[in-house]
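Chains as they are written, first to last, in the numbering used here: chain A, 1 to 368; chain B, 1 to 368.
Here is the structure we will look at, set down as structure tokens.
Number of protein chains: 2
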Amino acid sequence: MGPGTKTITLDGRFQMHRAGYIESPTLAYETWGELSEKRDNAILIFSGLSPSAHASSSAEDPSDGWWEDMIGPGLPLDSNRFYIICVNSLGSCFGSTGPASINPSTGELYRLDFPVLTLEDVAEGAFRVVEALGIEQLHTVIGNSMGGMSGLAYCVNHPGAVRNFISISSATRAEPFAIAVRSLQREMIRSDPKWDLGNYDVDDPPILGQRLARKLGMMTYRSPEEWVERFGRQRTTATEENVADPFKIAFSVEMYLENHANKFIGAFDANCYLYLSRASDLFDLAEHGGSLKSGFKRLKLERSLVIGVVTDILFPLHQQQQLAEGLREVCPDTVLVELDCIRGHDSFLVDMDAFRPVICEFFEGDCG
Amino acid sequence: MGPGTKTITLDGRFQMHRAGYIESPTLAYETWGELSEKRDNAILIFSGLSPSAHASSSAEDPSDGWWEDMIGPGLPLDSNRFYIICVNSLGSCFGSTGPASINPSTGELYRLDFPVLTLEDVAEGAFRVVEALGIEQLHTVIGNSMGGMSGLAYCVNHPGAVRNFISISSATRAEPFAIAVRSLQREMIRSDPKWDLGNYDVDDPPILGQRLARKLGMMTYRSPEEWVERFGRQRTTATEENVADPFKIAFSVEMYLENHANKFIGAFDANCYLYLSRASDLFDLAEHGGSLKSGFKRLKLERSLVIGVVTDILFPLHQQQQLAEGLREVCPDTVLVELDCIRGHDSFLVDMDAFRPVICEFFEGDCG
Numbered sequence: 001m002g003p004g005t006k007t008i009t010l011d012g013r014f015q016m017h018r019a020g021y022i023e024s025p026t027l028a029y030e031t032w033g034e035l036s037e038k039r040d041n042a043i044l045i046f047s048g049l050s051p052s053a054h055a056s057s058s059a060e061d062p063s064d065g066w067w068e069d070m071i072g073p074g075l076p077l078d079s080n081r082f083y084i085i086c087v088n089s090l091g092s093c094f095g096s097t098g099p100a101s102i103n104p105s106t107g108e109l110y111r112l113d114f115p116v117l118t119l120e121d122v123a124e125g126a127f128r129v130v131e132a133l134g135i136e137q138l139h140t141v142i143g144n145s146m147g148g149m150s151g152l153a154y155c156v157n158h159p160g161a162v163r164n165f166i167s168i169s170s171a172t173r174a175e176p177f178a179i180a181v182r183s184l185q186r187e188m189i190r191s192d193p194k195w196d197l198g199n200y201d202v203d204d205p206p207i208l209g210q211r212l213a214r215k216l217g218m219m220t221y222r223s224p225e226e227w228v229e230r231f232g233r234q235r236t237t238a239t240e241e242n243v244a245d246p247f248k249i250a251f252s253v254e255m256y257l258e259n260h261a262n263k264f265i266g267a268f269d270a271n272c273y274l275y276l277s278r279a280s281d282l283f284d285l286a287e288h289g290g291s292l293k294s295g296f297k298r299l300k301l302e303r304s305l306v307i308g309v310v311t312d313i314l315f316p317l318h319q320q321q322q323l324a325e326g327l328r329e330v331c332p333d334t335v336l337v338e339l340d341c342i343r344g345h346d347s348f349l350v351d352m353d354a355f356r357p358v359i360c361e362f363f364e365g366d367c368g
Numbered sequence: 001m002g003p004g005t006k007t008i009t010l011d012g013r014f015q016m017h018r019a020g021y022i023e024s025p026t027l028a029y030e031t032w033g034e035l036s037e038k039r040d041n042a043i044l045i046f047s048g049l050s051p052s053a054h055a056s057s058s059a060e061d062p063s064d065g066w067w068e069d070m071i072g073p074g075l076p077l078d079s080n081r082f083y084i085i086c087v088n089s090l091g092s093c094f095g096s097t098g099p100a101s102i103n104p105s106t107g108e109l110y111r112l113d114f115p116v117l118t119l120e121d122v123a124e125g126a127f128r129v130v131e132a133l134g135i136e137q138l139h140t141v142i143g144n145s146m147g148g149m150s151g152l153a154y155c156v157n158h159p160g161a162v163r164n165f166i167s168i169s170s171a172t173r174a175e176p177f178a179i180a181v182r183s184l185q186r187e188m189i190r191s192d193p194k195w196d197l198g199n200y201d202v203d204d205p206p207i208l209g210q211r212l213a214r215k216l217g218m219m220t221y222r223s224p225e226e227w228v229e230r231f232g233r234q235r236t237t238a239t240e241e242n243v244a245d246p247f248k249i250a251f252s253v254e255m256y257l258e259n260h261a262n263k264f265i266g267a268f269d270a271n272c273y274l275y276l277s278r279a280s281d282l283f284d285l286a287e288h289g290g291s292l293k294s295g296f297k298r299l300k301l302e303r304s305l306v307i308g309v310v311t312d313i314l315f316p317l318h319q320q321q322q323l324a325e326g327l328r329e330v331c332p333d334t335v336l337v338e339l340d341c342i343r344g345h346d347s348f349l350v351d352m353d354a355f356r357p358v359i360c361e362f363f364e365g366d367c368g
């Protein structure tokens, strides 16, 4: 949790969407800009699975955030005009309560005693922050990847509490390929003997499994097309220590994955990852009323924007089209933008030049 | 090795393509049909990474082979007309010498003392079998997946020894996404403590890592489109024993992967898998002369056929197009067939109705 992060601790029991409850959870969040007198300029950001609430730098925390080039004065999410809020997902490990937090009823870490987490819970956690900030209606909810589904959960469970919705590289629910990817990532972590059914030593976590899971993640966050351009069949000159193993890294793409895995080590709690990963599988807009159609019907939006990327293999383009079609039924002012970015699912993090104009236009901003 | 499998043991040192040699390797193979008097009707099949030489049933071994519906009387590879040979790849573990074989100079298993394996070695092993069978020129070399690259290696290293070439869901070389997939599969196996730098107990191999690798394999052998149709978001009713773990299998697609992983257990030696997997990364037609163009120029073919599948994510369609274009430069009678199968890379094993007519036509057969 950085110096710019604030927290709200809720009073009493927080009822979980599936079953069970947690006692007085804490939600961590950051804000940028000022809430207007009419309290009508608030934008809520839902992140993907792994980021914290530190979406952008601020006076309190000048370090770059994960969406640094999107949020700030004169940027698409313009802090001169809007009051922007990003909440660390319930179940995560950057200040919000999750499996890595102390269970007040036992004094021990929750670990696998944490109840089943859903994106409805993630949405509700954020709703309670918005409520505590005195905001009755959000100008816009915007969500990336898993955050797009959390955003849908927010809008469907609180119709009228959101005027506009932006979904980026997300969907109404996961398809089996994405479920398979995440299931295998979870199995990699669970197969690491150090995971020990979630009871790992916090100072000696199941890094081996987490490293494998991160590499598989990177393979689905980027695109084969990007890697052909970027690496081709280039060899790496870097050497590894273990010369007894003839299968050590030889190609640049292998070293790229290795570097990403190394960067991620220790950055995310393994149990929190497992809970959020499963929550991403479980979300299904159709569970809100029994069908996708009935789920969409519960929405009450003025405008919506769906952005997808042609090279995304985790939330492929046809899912963007399905989402936009469903939204258009209940919110005629829905725009679908298909971006021709080469960097796959992660494009919204790394291909800012493509995303900024689209989001700027949605907010009728002047982003030069 | 089944009852239909024959073996040839080569005399003396077998020089490996990169470096080193192995002493008197054995090659396992099966055949169907009869060699004609002119010895001009032989077809050589190169398999993908994991199959044995048992491509089809025979009088000696009536059990189904891995390409049962393709080979036999009246089938596209018509054993009434052709003499069909399938060699278990050098480096594999179904009768041919590989890392799981005894190193005659030590009396111990080769394990990681096996020299670096390349598909040029796989091709050369098969060439020596063909030679031993008294065949100077093959009617056709046909290869699937990794076998397509082995087939290219055969044709490029023995120009004139092959009249026709069929490549199925293969390429001139692997792209970085495929390398990344295989690298991660290898890392899963190598990360299993039981692998022990290749020195695992043969009766207690690194099954955990092999299971994970197989699941990732299945994710790239099939297609997301197939799984949407086949599984959607269907839940499984099967239960797992470990109820303490809340991340157990919930979706049908997870159970599907589990079943495939269980079937594969013990079916393939881990070290052999690592060697063949790396060999698939290493092959590059461009290494034959310094460029793809020069590699193609070494070929001397009468006709060639390239078959690819639109949903293949391991050897994508643009690689089929590149291969066909390169072949056409040196062999004008080259046909590219793009099949609209939904089952991805594995279609050549499971979507016989799509492949049979194409291959039948190539051989001007009458496949009803």
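For every residue, glycine included, the Cβ atom is placed at its ideal position computed from N, Cα and C.
If you check each beta-carbon in the region 153–173 of chain B against every beta-carbon of chain A, the ones closer than 7 Å belong to R173. The contact set of A/R190 on chain B, defined by CB atoms closer than 8 Å, consists of D245, F247 in chain order. Nearest to B/C272 by C-alpha distance, out of B/M70, B/Y200, B/P193, is B/Y200.
Judged by DSSP in its simplified three-state form, B/F348 adopts helix. Under the 7 Å criterion on CB atoms, B/R186 is classed as interfacial with respect to chain A. B/R303: not part of any alpha helix (DSSP H); member of the beta strand (DSSP E) spanning 303–309, first to last residue.
For B/G151, the enclosing alpha helix (DSSP H) has its first and last residue at 146–157. The beta carbon of A/I307 does not come within 7 Å of any beta carbon belonging to chain B, so the residue lies off that interface.
Our two residues, A/D284 and B/R233, have alpha carbons roughly 9 Å apart in a direct line.
For A/K293, not one C-beta of chain B is nearer than 7 Å to its own C-beta.
In this structure, DSSP gives B/Q234 a state outside helix and strand, which the three-state scheme calls coil.
In the three-state DSSP reduction, A/Q15 falls in the strand class (E or B). Your pair B/I45 and B/I8 does not check out as a contact, with CB atoms roughly 16 Å apart and the cut at 8 Å. In this structure, DSSP gives B/L216 a helical state, which the three-state scheme calls helix. In this structure, DSSP gives B/C360 a helical state, which the three-state scheme calls helix. Counted as a single uninterrupted DSSP element, the stretch harbouring A/K300 is not any alpha helix (DSSP H), since DSSP gives it neither H nor E. At least 7 Å separates the beta-carbon of A/R298 from that of A/V130.
Chain order gives no chain B residues near A/L138, where near means a beta carbon separation below 9 Å; the closest approach is about 29 Å. Within chain A, the residues whose beta carbon sits less than 7 Å from that of B/R233 are R173, D284, listed in sequence order.
Counting only runs of at least 3 residues, the region 26–96 of chain A fully encloses the following beta strand (DSSP E) elements, listed from N- to C-terminal order: 26–32, 42–46, 83–87. The three-state reading of DSSP puts B/S24 in coil, since its state is none of H, G, I, E or B. In this structure the region 140–154 of chain B does not lie against the region 96–106 of chain B, because fewer than three pairs of beta carbons, one per stretch, are closer than 8 Å.
Taking the Cα of B/A153 as reference, the smallest distance to any Cα among B/E34, B/F177, B/A279 is reached at B/A279.
Considering only A/A180, A/Y21, A/M70, the residue with the shortest C-alpha distance to A/N103 is A/Y21. Distance from the CA atom of A/K293 to the CA atom of A/V162, rounded to whole angstroms, is 19 Å. Residue-level contact check: A/M219 touches chain B, since one or more beta carbons of chain B fall below 7 Å from its beta carbon.
One alpha carbon belongs to A/H158, the other to B/D351, and they sit about 47 Å apart. At a cut-off of 7 Å between C-beta atoms, A/E68 does not count as an interface residue with respect to chain B. In this structure, B/I189 is the residue among B/P25, B/I189, B/P224 with its C-alpha nearest to the C-alpha of B/I207.
Looking at the DSSP output, B/S167 sits in a beta bridge with B/G143, B/V306. Note on B/N80: under 16 other CB atoms within 10 angstroms of its CB, so exposed under the neighbour-count rule. Out of A/H139, A/D312, A/G151, the CA that lies nearest to the CA of A/A123 is found in A/G151. Under the 7 Å criterion on CB atoms, B/K263 is classed as non-interfacial with respect to chain A. Comparing C-alpha distances from A/R18 to each of A/V116, A/D64, A/R111, A/S58 shows the shortest one belongs to A/V116. Taking a Cβ-Cβ cut-off of 8 Å, the neighbours of B/E254 in chain A comprise I179, A180, S183, given in sequence order. If you draw a straight line from the Cα of A/G289 to the Cα of A/F296, it comes to about 9 Å.
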